[in-house]
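In the working numbering, the protein residues as written are 3 to 228.
Ideal placement from N, C-alpha and C gives every residue a C-beta, glycine not left out.
For reference, the structure discussed in these notes is given below.
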Amino acid sequence: MTSEDAASGGDHADLGDIQRQHWQSTYRANPAMYGETPSTPAIQAAQIFGAAGARTILELGAGHGRDALHFARAGFTVHATDFSDVGLRQLRERADSEAVEGLTTGIIDVRAPLPLPDASCDAVYAHMLLCMALSSEEICALVREVHRVLRPGGTLFYTVRHTGDAHYGTGIDHGDDIFEHGGFAVHFFSRAFVDALAEGWDLRRIDDFEEGALPRRLWSVVQTRR
């Protein structure tokens, strides 16, 4: 990250607040915008978490909860979080209507320290949360917080759009590899940034996959706390 990027931290903070309102409006207008079935990364993550003996999952950026519900149905204890109370309300309503157990929700702004004790969960899952309108500095701070709340040997599974995506370098340029399309701002990840975030962790795997109609190009990353 350059000194120019660091100096624009205030702009990124403002952009994050704008994005929060945009997501609130989006969930109100499209309560099932991602459908009811779990994402492919969630299915993969459940298998990886289960094989590692995880029982408790913290989900960051749960939205209206299709993946959180999948984890809970698979027998995990899940704390699903988001900065949108609209999305979380939709998640709670669906969980209640389907009598899904083992699921709690909480509003979290990941630009601040995570409100959880040290070593309090077995796994952390974040599907496209890290590539939202967050500066490189905020992402690094968040990954440090994830390391803190994970138990030794705990697993972080995250997905991000990367610099091979068709939208990278186009649209409204907010700096720091953040580009906006259709009102949604995305921080596109380079491989060097993924490697930097894995420093001090055991990097288990990086997989390239596609999702959506564009299609979006993403990486899924699995790393464990030593």
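- In the three-state reduction of the DSSP assignment, residue 53 falls in the helix class.
- Here the alpha carbons of residue 63 and residue 100 stand approximately 21 Å from one another.
- Residue 214 is classed as exposed because its beta carbon has fewer than 16 other beta carbons within 10 Å across all chains shown.
- Per the C-alpha coordinates, the member of 211, 217 and 144 positioned closest to residue 46 is 211.
- Put simply, of 183, 152 and 133 the residue whose alpha carbon is nearest the alpha carbon of residue 221 is 133.
- Per DSSP, the beta bridge partners of residue 222 are 161 and 209.
- Inter-residue distance for residue 217 and residue 203 is about 30 Å (C-alpha atoms, whole angstroms).
- In this structure, 85 is the residue among 85, 201 and 33 with its C-alpha nearest to the C-alpha of residue 19.
- Assigned with DSSP and collapsed to three states, residue 75 falls in helix.
- Nearest Cα to residue 125 within the set 28, 55, 39 and 66: 55.
- Annotation: the continuous alpha helix (DSSP H) that includes residue 95 extends over 87-99.
- In the three-state reduction of the DSSP assignment, residue 191 falls in the strand class, which pools E and B.
- A residue is called buried when at least 16 other Cβ atoms come within 10 angstroms of its Cβ; residue 69 meets this threshold and is buried.
- In the DSSP assignment, residue 149 falls within the unbroken alpha helix (DSSP H) covering 138-151.
- In the structure shown, the three-state DSSP call for residue 174 is strand.
- When the beta-carbon positions are compared, residue 187 and residue 176 come within less than 8 Å of each other.
- Between residue 92 and residue 40, the C-beta gap is not smaller than 8 Å, which leaves the two residues out of contact.
- With contact defined as three or more Cβ pairs closer than 8 Å, the segment 110-121 and the segment 139-159 are in contact.
- Residue pairing from DSSP places residue 125 in a beta bridge opposite 59 and 157.
- Excluding its 5 nearest sequence neighbours in each direction, residue 60 has C-beta neighbours in its own chain below 6 Å: 81, 123 and 126, listed in chain order.
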